[in-house]
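For reference, the structure discussed in these notes is given below.
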Amino acid sequence: MFDQDNSICANIRNSRFRGLWTTIALSLVLLCPAVVMATETVTATTAATPLAWWIWPVSLFIVTLCMGIVAVLGGIGGAVLFVPIVSGFFPFHLDFVRGAGLLVALSGALAAGPSLLRSDLANLRLAIPVALIASTSAIFGSMIGLAVPTNIIQTFLGITVLGIVALMFTAKKSELPEVPKADALSSALRIYGVYTEGSTGQTVNWKIHRTPIGLAIFIIIGFMAGMFGLGAGWANVPVLNLLMGAPLKISVGTSKFLLSITDTSAAWVYFNQGCIIPMIVVPSLIGIMLGSFIGVRILKKAKPAFIRWMVICLLAFAGLKALQKGLGI
Amino acid sequence: MQEESVINTHHEQVIYANILEKGMYLGLGCLVITFGLYVFGIIPSAIPLTEVSKYWSQDAHSYLTAINRDFLHLDHLLIGWTWTTLIGKGDFLNFISIVILAGLTIFCYLAIIPSLLKKKDTVYTLIVIVEVIILGLAASGILAVGGH
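First to last, the sequence lines map onto chains F and Z.
Take 34 as the starting number for the first sequence in the working numbering and just add one per residue.
Take -11 as the starting number for the second sequence in the working numbering and just add one per residue.
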């Protein structure tokens, strides 16, 4: 019996390792075109051929298209992949990458916002107070982020991305968290709602708790979103779901919608400081959005666990690259 | 009581969603058109397409200084809303779409204020007004930062 159990465990371990190695291999394969293109373009730029200018936007479009697909399949925002990968492997300065990253996150949120609001998967009453705090701190984050030397920001970006990887490893999710009693603040603000669970047709009444501490954490989340141009879905969802007790679907939907407000404030600061270059922003936006459309179609057939490993590997690689670049190693 | 509040909230969400949707399509549509006009050279750009790649590896302040020295020759660096003076140029024409996308939230917030006032929802009306002021300040360019 024990032998049988051991054998099953060994098989599971082996299959996990196989999955991990396959994931690493696929991540590198996906990332390779970006690296290859970057290298090729450097050569082309050095040669100063008159046509060299278009290689960058085209390669950026291809890479962001892949990112858009991976982001949807991995259940993360595009900007969290965009900023570390593009700043790590493309020649653009981090100021322009962060500006573009915020607009990438903003556009994705604007595109998803209307349907999320109409279907009650994003809750305006929950989003409004959170957005006020997060968008205000995002302004301060972006102002400080633009004033601090680039190598320091790049180093902290690497540390943050590796922190996100750790969060993805460890964070759990709860479909319908237990909220015994709504706290005084959420009751006063009347933050509660109803939504219909599509898979079962069940009507779910929800409320939240621990609102003051949740709002306090959004100061840090907004600050980081502004400072690194990362978007903030990776942090919004755990806080809304695990800490404040909003159902997972409401947390994901409200988080996505929140980015349209949080990233707006930070994007304006970057915009007004001249950190927007259309040749970087527009191919990225189109690439990410097209990739998202393709990703949604693939999603039905994809294996979530495998994709999750792939995203973790990509992020870890990009985080290490940002760290290496920041420390000048 | 809870059901009634939810229905009322849903009404604001629909107002917000309708404006968001129209603005989003307008912004993205403009973005594709203006980028096409720029990248295919239909409208000449202030910074030649072949030259942009020489500047984008510098930090924002150095980039603005360099493009001003080499191409724009303005009295001030191109920060805040100064770009509007170059709106006829292909590259800066793209900024209109970005302004639409980034400014959309302000209009959505303004649109729900009458509904909140009608319901005498003072707290949320105040929060929304404060948010509009904050986003307006960010958009105005008043919140300047020092360079690297």
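Think of the CB as a built atom: it goes at the ideal place given N, C-alpha and C, for glycine as much as any other residue.
Our two residues, residue 113(F) and residue 172(F), have alpha carbons roughly 18 Å apart in a direct line.
Exclusion of the five residues before and after residue 43(Z) leaves 51, 54 and 55 as the residues of its chain whose Cβ lies within less than 7 Å of its Cβ.
Among the bridge pairs identified by DSSP, residue 226(F) is matched with 239(F). Its chain contains 109, 110, 113, 197, 200 and 201 as the residues whose beta carbon lies nearer than 8 Å to that of residue 267(F), once the 5 sequence neighbours on both sides are disregarded; these appear in chain order. Closest by C-alpha distance to residue 154(F), out of 277(F), 134(F), 289(F) and 100(F), is 289(F). One finds 161 in chain F with Cβ atoms closer than 8 Å to the Cβ of residue 116(Z), taken in chain order. Between residue 291(F) and residue 164(F), the gap from beta carbon to beta carbon is short of 8 Å. Proximity of chain Z to residue 153(F) at the Cβ level (cut-off 7 Å) is accounted for by -2, in chain order. By the Cβ neighbour-count rule, residue 316(F) is buried, with 16 or more other Cβ atoms within 10 Å of its own. Using a Cβ distance threshold of 8 Å, residue 283(F) and residue 133(F) do not count as a contacting pair. Within the model, the alpha-carbon separation for residue 324(F) versus residue 217(F) is close to 43 Å. The continuous alpha helix (DSSP H) containing residue 119(Z) extends over residues 110 to 128. The beta-carbon distance between residue 126(F) and residue 47(Z), rounded to whole angstroms, is 5 Å. This is short enough to meet the 8 Å contact definition. Scanning its chain for C-beta atoms nearer than 6 Å, with the 5 sequence neighbours on each side dropped, one finds around residue 71(Z) the residues 80 and 83, in chain order. Counting every other CB atom within 10 Å of its CB across the protein chains shown gives residue 329(F) a total below 16, marking it as exposed. Here residue 210(F) is near residue 278(F), since their CB atoms are less than 8 Å apart. By the C-beta criterion, the segment 227 to 247 of chain F is judged not to be in contact with the segment 170 to 187 of chain F, since fewer than 3 inter-stretch pairs fall below 8 Å. Cα atoms of residue 350(F) and residue 119(F): separation of roughly 12 Å, rounded to the nearest angstrom. By the neighbour-count definition (other C-beta atoms within 10 Å, threshold 16), residue 261(F) is a buried residue. Shown here, residue 308(F) sits in coil according to DSSP, grouped into three states, outside any helix or strand.
Comparing alpha-carbon positions, the option among 355(F), 362(F), 255(F) and 275(F) lying closest to residue 122(F) turns out to be 355(F).
Classified as exposed, residue 87(F) has fewer than 16 neighbouring CB atoms from the shown chains inside 10 Å of its CB. For residue 92(F), not one C-beta of chain Z is nearer than 8 Å to its own C-beta.
For residue 161(F) against residue 115(Z), the beta-carbon gap comes to about 6 Å, under 8 Å, which counts as contact. Interface annotation, residue 76(Z): not in contact with chain F, CB-CB separation never under 8 Å. Sequence-distant Cβ neighbours of residue 252(F) in its own chain, meaning closer than 7 Å and more than five residues away, are 166 and 170.
Around residue 23(Z), the beta-carbon contacts reaching into chain F at under 7 Å are 311 and 315.
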